[in-house]
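Encoded as structure tokens, the structure appears first; notes follow it.
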């Protein structure tokens, strides 16, 4: 191989190395850029972490620009290019930095030498706000344009800037001034002077009056400009809409405006802008009230119709699709929107519960349904007849949180539901409703085939002392099959009896403790011991007396256990702690 | 970068920002003082009281800035005025003065004027006198000033000349800008037409497209407002409504610029102005083009268009701040300052700033076009006068004054008859002498001139009519009376 060929080869290799290095350097900057934006999306701007990332990026980028004058990046939906090579590929096609730029028509960004820190920060801020916000304030091209970024150039696809303007407006006049000249100008000048005099005087007077803008007017202008800085678009829009509706003296015009608002609502919901949509809904509601107060029956009815339509079956279906499709949705605003719909929407919202795919949205809808409250129990309760157990469960939950006795008939139905989860939810719901009627339902649950449910019902009953409960549980624990129940269930039932029956239960406990059987001796021992502890937990003079009696019982085991409980009890009394929760725990069975 | 270096950089940045804000604040007053002193020096001798009253505060302001900054310099770059390194923002308080200094220094080929530490009041006074009395028609004005500064031994003053050949380049830029401006102007008309047609057929509109158009208008107006003033003087096109909307947009932007509105605010204003009459799209053409006055029922229909505008915008646009501004302007642009006008309001309130602007501009353009409300147009100067004398009740008086200040007594594009019998087209307003603008002489008794001549009436000392007297405007002429097409002289 000749020396020349070797030189050429090494030159080529050198060039290749240089190009690789440049690519690597660009990639490094871009990676930092992406990281900085991700960090910006997570942390508040005054946090030291994003600040550090931002400064690092600026340092790296300016180093790159100092050496290479420019960093020009090509953009497609999910990739960034440098010199036609992909230097960044984002995982998801419709998220991320590349997509945010691409979506707004930006196909190329070029950072140029001389870039200032503030420029870069403004650039980052604009992109971050676009990525972070579900509804960005504006498109990126506009945001960049507003920020004045002299060292960041971008090219955007704007069809209108390249399209031809066909059909230009045509001037209607002629081009010759001769006619004008001879009709306006008298060459002798005499007529001209006559005509011109008044005009001249007027101009002079005008000039004198015009003068300078005095300080007072300058201050007024400043005030006007200052006031405009606090322009509130929504407030203004509602002002206009109210005025427009009041200007619509004909019903057909009024109805047309309401129709526009309906369309607007649909479009806002379609854009997932529930914040604005709820504001429009609120406006409609307020307008409806105002029209009703003014005795405008037709107009009130028209608004009512619009409100009903906003929550009709079809629209709720659309809403369901939106809620299922977008996990980043602003659920707070969505909740506000749903809460403002008319009560006719309730059945559709109940139905919606069966279609929603994630917990957060279902929970949001339940909160909305709950807000309809006691007055709408009947409508809400239709959900308990739904064939889907999860809908029934959600509705039962809603009824429980409303806590109205009006829901009892419906809960009576669901307590017998075939699905345990519904029955559990019903139990929880019932526990929130006051009144003796609930007690008998809770007592009936003590016969449910599911032990967990029985135990939970017994616990709830412990908090609702009444004779019916004492009688029922006394009867239950006296039954022959009681000893066969699990220790947990027996314990809770006996505790509930101790708590609700107090002295009335003492004799029964004594009887249970001293009971002897020939069969299932271990089960009986277990029951006796649990009864003994329940007796101790009654904590009345008669229960203590009974405990004393038992401490000299014929059964060694009973004696020992009774003594132990008494000792514990008296040591707690001596220490002055009384029956604190800790002490109560000691007495727990 | 190590921590210390970073700290230093951050301190420097803070310091720079503070300096920048200081210069912005001081610059406004300084520019006004500088302007007023030069104007006074042109009229009075240095020992006159009027001049002394000006030079004292100017010296104080100069000294204060030099003490703070080390030196003081005015420079111009790409049509912006800089005080040291800070680009001064133009607003209604310093607009005239800043424009004057910019044009004045450009005319004298001065790129940068620096006043160094140690400058005395006598030196400053001499400099002002030199600048005030220099003949702008001088062949090499920069060299003349430089020589005088040297001869008078003004050691604390430094001048830098425009580096390249400013005149041809400026002309070239101006030609380019004119071409682009014309294209944007037509595009604006086309966008309004498209929007109107889509609205008429109940279709939505791509707001981004409109935004880009207005952004482009703002960018170009920031570079050269005169071209757009000229374009807005075009009235006689067959699609009057679209042209009117475009003109209102341009003039509103120009007024917004004088008010010092930000780019975003200008964009909102431009968009709102462009669609202020969108409520007319569903009115019958026969009504809009009716050659005679409207009867009561026709007026009733016309009065509905602000409300119709809101409805049309509501149906066509998204609900964002841009669209809401547009709705508000559409709704309020026929309401007077005292809330008379139409539509009648249920609730009393102050009119929005943008509505006040559009209301003034809309009336002016309508009065000078004579198409819809008035069937015979007023000459521009007369329209402004009429508006001025009813200002307290109808328009925002300060905004109207600012508008007249922007247009001049004879607005750009006015066709005027001079006292020597020539016919001219006003091409540039002269804020210092509003009755003597620059005029393009386009016709005489021979008919249209093939090569129009530009005449600065404020500088004119020769007259073909009466030797020894200067030429002046006799009155405006209505081009529509003769079905004249002024676009050949403007575009």
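Protein chains in written order, with this note's numbering: chain A, 3 to 591; chain B, -5 to 485. For every residue, glycine included, the Cβ atom is placed at its ideal position computed from N, Cα and C.
Inset, instruction - Report the three-state DSSP secondary structure of residue 194 (chain A) (helix, strand or coil). - result: Confidence is the limiting factor: at residue 194 (chain A) the pLDDT is only 45, short of 50, which leaves the residue's position unreliable and the question unanswerable from this model.
Inset, instruction - Determine, using beta carbons only, whether residue 243 (chain B) and residue 209 (chain B) come nearer to each other than 8 angstroms. - result: no
Inset, instruction - Drop a sphere of 10 angstroms on the beta-carbon of residue 543 (chain A), count the other beta-carbons inside from all chains shown, and report buried for 16 or more, exposed for fewer. - result: exposed
Inset, instruction - Let me know the secondary structure DSSP gives residue 163 (chain B) once reduced to three states. - result: Reliability fails at residue 163 (chain B), whose pLDDT of 43 lies under 50, so the model's placement of it is uncertain and the value that follows must be treated cautiously. In the structure shown, residue 163 (chain B) sits in a helix (DSSP, three-state: H, G or I).
Inset, instruction - For residue 68 (chain B), count neighbouring C-beta atoms within 10 Å of its own C-beta (all shown protein chains included) and say buried if the count is 16 or more, exposed if not. - result: buried
Inset, instruction - Please list, in chain order, all residues of the same chain as residue 459 (chain B) whose beta carbon is under 6 angstroms from its beta carbon, the five residues on each side excluded. - result: Low per-residue confidence applies at residue 459 (chain B): pLDDT is 46, beneath 50, and the placement is therefore not dependable, though the value from the model is reported in the following sentence. If we look at residue 459 (chain B) and ignore the five residues flanking it on each side, its Cβ neighbours are 413 and 414.
Legend entry - residue 2 (chain A), enclosing alpha helix (DSSP H) - first and last residue: The first residue shown for chain A is 3 and the last is 591, placing residue 2 (chain A) beyond what the model contains.
Inset, instruction - Let me know if residue 503 (chain B) comes out buried or exposed under the rule of 16 or more other beta-carbons within 10 Å of its beta-carbon. - result: Outside the displayed span of chain B (-5 to 485) sits residue 503 (chain B), for which this structure offers no information.
Legend entry - Anticipated Cβ contact below 8 angstroms, residue 309 (chain A) with residue 338 (chain A), distance rounded: About 15 angstroms; that fails the 8 angstroms criterion.
Inset, instruction - Identify, in the order they occur along the chain, each residue of the same chain with its Cβ nearer than 6 angstroms to the Cβ of residue 493 (chain B), setting aside the five sequence neighbours on each side. - result: The structure shown does not extend to residue 493 (chain B), since chain B is modelled only from -5 to 485, so the question has no answer here.
Inset, instruction - Can you pull the chain B residues whose beta carbon is under 7 angstroms from the beta carbon of residue 46 (chain A), in chain order? - result: Those do not exist, as residue 46 (chain A) stays about 19 angstroms from chain B at its closest Cβ, beyond 7 angstroms.
Inset, instruction - Could you round the C-beta distance between residue 564 (chain A) and residue 536 (chain A) to whole angstroms and report it? I think they count as a contact, below 8 angstroms. - result: No, residue 564 (chain A) and residue 536 (chain A) are not in contact; Cβ-Cβ is about 13 angstroms, not under 8 angstroms.
Inset, instruction - Hey, could you find the ends of the alpha helix (DSSP H) residue 243 (chain A) is sitting in? - result: 235 to 249
Legend entry - Contact between the region 108 to 125 of chain A and the region 64 to 71 of chain A (3+ Cβ pairs under 8 angstroms): yes
Inset, instruction - Report yes or no: is there a C-beta of chain B within less than 8 angstroms of the C-beta of residue 338 (chain A)? - result: no
Inset, instruction - Take residue 40 (chain B) and list the residues in its own chain whose beta-carbon comes closer than 7 angstroms to its own, dropping the five residues that flank it on each side. - result: 119 and 123
Legend entry - Proximity test, Cβ basis, 8 angstroms: residue 142 (chain A) and chain B: no
Inset, instruction - Tell me whether the beta-carbon of residue 435 (chain B) lies closer than 8 angstroms to the beta-carbon of residue 444 (chain B). - result: no
Inset, instruction - Check the Cβ-Cβ distances between residue 391 (chain B) and every residue of chain A, and say whether any is below 8 angstroms. - result: yes
Inset, instruction - Under 7 angstroms between beta-carbons, which chain B residues line up against residue 204 (chain A)? List them in chain order, please. - result: 379
Inset, instruction - Look up residue 591 (chain A) in the DSSP assignment and say whether it is helix, strand or coil. - result: In this predicted model, residue 591 (chain A) has a pLDDT of only 43, less than 50, meaning its place in the structure is not dependable enough to derive any value.
Inset, instruction - Quick one: list the residues of chain B neighbouring residue 374 (chain A), beta-carbon separation under 7 angstroms, in chain order. - result: Those within 7 angstroms of residue 374 (chain A) in chain B number zero; the least Cβ separation is about 28 angstroms.
Legend entry - Within 7 angstroms of chain A by C-beta, residues of the region 316 to 328 of chain B in sequence order: 318, 321, 322 and 325
Inset, instruction - Report the partner residues of residue 469 (chain B) according to the DSSP bridge assignment. - result: B:411
Inset, instruction - For chain B, find out if any of its Cβ atoms is closer than 8 angstroms to the Cβ of residue 259 (chain A); answer yes or no. - result: yes
Inset, instruction - Closer than 7 angstroms by beta-carbon distance: list the chain A residues that pair up with residue 301 (chain B), in chain order. - result: 246 and 249
Legend entry - Proximal residues of chain B, C-beta to C-beta of residue 265 (chain A) below 9 angstroms: 308 and 309
Inset, instruction - Give every residue of the same chain whose Cβ lies closer than 8 angstroms to the Cβ of residue 153 (chain B), excluding the five residues on either side of it in the sequence, and list them in chain order. - result: 104, 106, 107, 108, 136, 139, 140 and 143
Inset, instruction - Pull up the distance between the alpha-carbon of residue 129 (chain A) and that of residue 227 (chain A), whole angstroms please. - result: 29 angstroms
Legend entry - Nearest residue (CA-CA) to residue 375 (chain B), options B:355, B:213, B:401 and B:385: B:401
Legend entry - Within chain A, the residues that residue 253 (chain B) reaches when beta carbons sit closer than 8 angstroms: 223 and 227
Inset, instruction - Take residue 327 (chain B) and list the residues in its own chain whose beta-carbon comes closer than 6 angstroms to its own, dropping the five residues that flank it on each side. - result: 270, 349, 352, 353 and 356
Inset, instruction - Put residue 74 (chain B) into one of helix, strand or coil per three-state DSSP. - result: strand
Legend entry - Through-space distance from residue 132 (chain B) to residue 101 (chain B), alpha-carbon basis: 10 angstroms
Legend entry - Given residue 404 (chain A) as reference, the closest of A:379, A:427 and A:393 once Cα atoms are compared: A:379
Inset, instruction - Give the residues of chain A in contact with residue 87 (chain B), contact being defined as C-beta atoms less than 8 angstroms apart. - result: 220
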